[in-house]
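Visitor: Quick note on the working numbering: the sequence shown kicks off at 55 and runs consecutively. Positions of the beta carbon are idealized from the N, C-alpha and C atoms, including for glycine. For clarity, every value in this text was computed on a predicted model and none was experimentally measured. The following block contains the structure, expressed as structure tokens.
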Amino acid sequence: MTTLAIDIGGTKLAAALVDDALNLLERRELPTPASKTTDALCAALQTLVEPLYPRATRVAIASTGIIRDGVLLAINPLNLGGLLNFPLTKTLEAITGLPTLAVNDAQAAAWAEYHALHDDYRDMVFLTVSTGVGGGVIINGKPIAGTGGLAGYLGHTLADPNGPMCGCGRRGCVEAIASGRGIAAAAEGELAGCDAKTIFIRAGQGDEQAIQLIHRSAQTLARLIADVKATTDCQCVVIGGSVGLAEGYLARVETCLAQEPAVYQVTLQSAHYRHDAGLLGAALLAQGEQS
Ligand code: ADP
Ligand code: BMX
Ligand code: ZN
């Protein structure tokens, strides 16, 4: 069977055809539209999948937000241009005429990354540092989503009670500081208005403010990882997302984590499937549903 896998993030939409051996056959990408109405996202998804779906037999979606009864509910609507909810499975079923499964992006990515790990690892946590900060938790070989789908929303745990407001309505979430949007929002002076990608480039050129902004993100993530270790006793934390995968970022997080007491140390790895972990995790979950 060929799965049309779709990844809906706050910055980019990706789609690919995936075969049963988890090979990516063809991949396309588009920017996520910034619009409070559902029409723009519908239209972008239609453009994205049109060349692919005639060769697929099912659709599997990894999406930012809580996915409840096939509807995307944003915890942080700012990540989606203010869009609060979106009828995700209904939209893709209408476009493609195919059975459609939708899950949270980080939970999907965690599932793919879990399958790429050493067999002895039964407890792992995936963190995406991207537009937001997402989390997926696997305990004893099983993904944990909770009854309402909120389990593993590690980006919305508290990093600093005096920190910036998060789009979820809480002050000082990890996401408000460590995410791509959080990094960009804190930029001042000549970096004001730059996105996280540009700030990483400036840091590489030696810009002191850019280096500090990235350090603040990495430090915040390392403290979250110590909390995650204390909560789950996981054997491994896998980091993905474009910020998480940016050159030098993981090494900074490792340096910050090394400053925490020994009991909170845990193996850190970059996502094996890099930017495709969400796509492949959704495809894998769809395979599991039908086996
Ligand atoms: P999404 O959140 O849509 O899944 P990404 O994982 O690409 O998408 O994350 C988007 C965030 O990552 C944005 O804040 C963007 O500025 C930042 N980003 C994109 N590419 C890079 C890069 N090469 N280095 C650092 N940050 C990046
Ligand atoms: C936010 C939240 C999570 C998501 C995470 C990473 C929304 C719309 N999304 O915390 O569901 O997993 O961002 O998402 O509330 P990404 O867009 O950065 O990949
Ligand atoms: Zn929050």
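So what does DSSP say about Asn194, is it helix, strand or coil?
Guide: Here residue 194 is taken as the residue at index 140 of the sequence shown, counted from 1. Coil, per DSSP.
Visitor: Less than 7 Å separating the Cβ of Arg235 from some heavy atom of ligand 3?
Guide: Working through the sequence shown from its first residue, we reach residue 235 at position 181. Because no heavy atom of ligand 3 lies under 7 Å away, the Cβ of Arg235 does not count as near it: no.
Visitor: Just to check my reading of the structure: Ala98 and Arg81 have Cβ atoms closer than 8 Å, yes? What is that Cβ distance to the nearest angstrom?
Guide: Here residue 98 refers to the residue found at position 44 when the sequence shown is read from its first residue. Here residue 81 refers to the residue found at position 27 when the sequence shown is read from its first residue. About 16 Å; that fails the 8 Å criterion.
Visitor: Could you tell me which residues DSSP puts in a beta bridge with Glu314?
Guide: By 1-based counting over the sequence shown, the position of residue 314 is 260. According to DSSP, which records beta bridges pairwise, Glu314 is partnered with nothing at all.
Visitor: By the three-class DSSP mapping on this structure, what secondary structure does Gly332 have?
Guide: Here residue 332 is taken as the residue at index 278 of the sequence shown, counted from 1. Here Gly332 sits in helix by DSSP.
Visitor: Within the segment 92-126, note down every full alpha helix (DSSP H) run reaching 4 residues or more, in order along the chain.
Guide: Fully enclosed alpha helix (DSSP H) runs of 4 or longer: 92-103.
Visitor: Between the alpha carbons of Pro315 and Met55, how many angstroms are there, rounded?
Guide: Taking the first residue of the sequence shown as position 1, residue 315 is located at position 261. Taking the first residue of the sequence shown as position 1, residue 55 is located at position 1. Going from the Cα of Pro315 to the Cα of Met55 covers about 48 Å.
Visitor: Using the Cα positions of Glu301 and Gly294, report the straight-line distance between them to the nearest angstrom.
Guide: The residue given as residue 301 occupies position 247 in the sequence shown. The residue given as residue 294 occupies position 240 in the sequence shown. Straight-line Cα distance between these residues: approximately 12 Å.
Visitor: State the DSSP-derived secondary structure class of Gln323, mapped to helix, strand or coil.
Guide: Position 269 of the sequence shown, counting from 1, holds the residue named residue 323. Three-state DSSP puts Gln323 in a strand.
Visitor: Residues around ligand 1, please: the condition is that the C-beta lies closer than 5 Å to some non-hydrogen atom of it.
Guide: Residues flagged by the Cβ proximity filter: Gly63, Gly64, Thr65, Lys66, Ser184, Thr185, Gly234, Asp249, Ala250, Lys251, Phe254, Gly295, Ser296, Val297 and Ala300.
Visitor: Would you tell me roughly how many angstroms separate the C-alpha atoms of Leu132 and Val228, rounded to the nearest one?
Guide: As a first step, residue 132 is located in the sequence shown; it is residue number 78 there, counting from the start. As a first step, residue 228 is located in the sequence shown; it is residue number 174 there, counting from the start. Taking the straight line from one Cα to the other gives about 15 Å.
Visitor: Does DSSP put Thr86 in a helix, a strand or coil?
Guide: For the purposes of this step, residue 86 is taken as residue 32 along the sequence shown, with counting starting at 1. Three-state DSSP puts Thr86 in coil, outside helix and strand.
Visitor: Quick one, are the C-beta atoms of Ala299 and Ser271 less than 8 Å apart?
Guide: Position 245 of the sequence shown, counted from the first residue, corresponds to residue 299. Position 217 of the sequence shown, counted from the first residue, corresponds to residue 271. Before going further, note that residue 299 is Leu rather than Ala in the sequence given. Contact: no.
Visitor: Mind checking whether Gly206 and Ala156 have CB atoms under 8 Å apart?
Guide: Along the sequence shown, one-based indexing puts residue 206 at 152. Along the sequence shown, one-based indexing puts residue 156 at 102. For Gly206 and Ala156, no; Cβs fall outside 8 Å.
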